[in-house]
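First comes the structure, then the notes that go with it.
Numbering (UniProt numbering), first residue to last: 1 to 202.
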């Protein structure tokens with residue numbers, strides 16, 4: 001199997017989701033893992049696109065059968081990443097992105113240590129606060145909570161293989177693309193992909 005598993009985590013509001021979407025648009029060999037959740041769909045959300053929406057019984061059964069490589073209980077709802085779904089995409093030759101928080105990343109690394117982890121930082125807490133305020137979506141109290149959460153998340157940055165700072169979106173995207181390309185060029189991956197050629201040389 002020459003495909004790669006990538007974890008992308010970030011401080012809250014650092015632009016992770018936008019970077020992942022841009023990567024998916026520009027690289028057809030990358031797929032985003034779609035998580036399972038017990039929460040109800042929000043307006044506009046589609047089954048299998050945004051989440052796999054399941055009931056608590058189904059989620060618990062999957063958990064008991066060991067099908068989640070990471071899971072979390074957030075605000076009364078459960079979320080999890082299906083191992084069988086990820087492995088099917090990898091087996092089909094697609095690189096897979098897990099867009100999860102640092103806690104989920106820690107769970108995945110224990111089960112799948114070959115996963116490559118990337119953390120996205122804002123250029124500063126002041127800039128992060130400005131971006132959150134500019135959105136005009138949250139009250140001052142909510143923004144304060146998100147900033148406190150971001151500070152806690154950033155304390156785990158040293159647990160990741162790579163770090164990019166989303167000061168310039170274009171540069172941060174280039175950083176992530178470079179990591180993906182470099183992982184594909186690792187010697188073992190190249191040996192598997194081009195076995196016929198390399199076999200004539202060694």
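Ideal Cβ placement from N, Cα and C applies to all residues, glycine included.
All figures in this text were calculated on a predicted structure; none of them were measured in a lab.
Kindly indicate which three-state DSSP category residue i falls into: helix, strand or coil?
i, result
"residue 64", "helix"
"residue 121", "strand"
"residue 37", "strand"
"residue 104", "helix"
"residue 4", "coil"
"residue 59", "helix"
"residue 99", "strand"
"residue 112", "coil"
"residue 164", "strand"
"residue 30", "strand"
"residue 74", "strand"
"residue 10", "strand"
"residue 45", "coil"
I'd like the span of the alpha helix (DSSP H) that includes residue i, first residue to last.
i, result
"residue 18", "16-26"
"residue 146", "140-154"
How would you write the range of the beta strand (DSSP E) that residue i sits in, first residue to last?
i, result
"residue 171", "Premise fails: residue 171 lies in the alpha helix (DSSP H), 169-184, not in any beta strand (DSSP E)."
"residue 90", "Element bounds for residue 90: not the beta strand (DSSP E) but the alpha helix (DSSP H), 83-91."
Let me check understanding here. Comparing Cα to Cα, which of the options lies closest to residue i?
i, options, result
"residue 102", "31, 136, 161, 166", "161"
"residue 156", "43, 56, 10", "10"
"residue 121", "85, 41, 166", "166"
"residue 228", "114, 54, 26", "The displayed coordinates of the chain run from 1 to 202. Any statement about residue 228 would go beyond what the structure contains."
"residue 176", "75, 34, 116", "116"
"residue 136", "6, 5, 7, 13", "13"
"residue 75", "40, 192, 50, 93", "40"
"residue 132", "8, 7, 15", "15"
"residue 150", "172, 119, 183", "119"
"residue 26", "200, 174, 130, 182", "174"
Assuming residue i and residue j make a contact with CB atoms under 8 Å, what is their CB distance in whole Å?
i, j, result
"residue 69", "residue 57", "Actually they do not touch by this definition, with Cβ atoms about 21 Å apart."
"residue 4", "residue 38", "Actually they do not touch by this definition, with Cβ atoms about 29 Å apart."
"residue 30", "residue 180", "7 Å"
Should residue i be listed as close to the ligand ATP, given that the test is whether its C-beta is under 8 Å from any heavy atom?
i, result
"residue 76", "Absent from the structure shown: the ligand ATP. Ligands present: none."
- Query: Is the stretch 57-64 touching the stretch 8-28 in the sense that three or more CB pairs, one from each, lie closer than 8 Å?
  - Reply: no
- Message: If contact is defined by three or more beta carbon pairs under 8 Å, each pair taking one atom from either stretch, is the stretch 134-150 in contact with the stretch 85-102?
- Response: no
- Query: Do the stretch 122-129 and the stretch 41-53 touch if we need at least three Cβ pairs shorter than 8 Å?
  - Reply: Verdict: no, contact absent.
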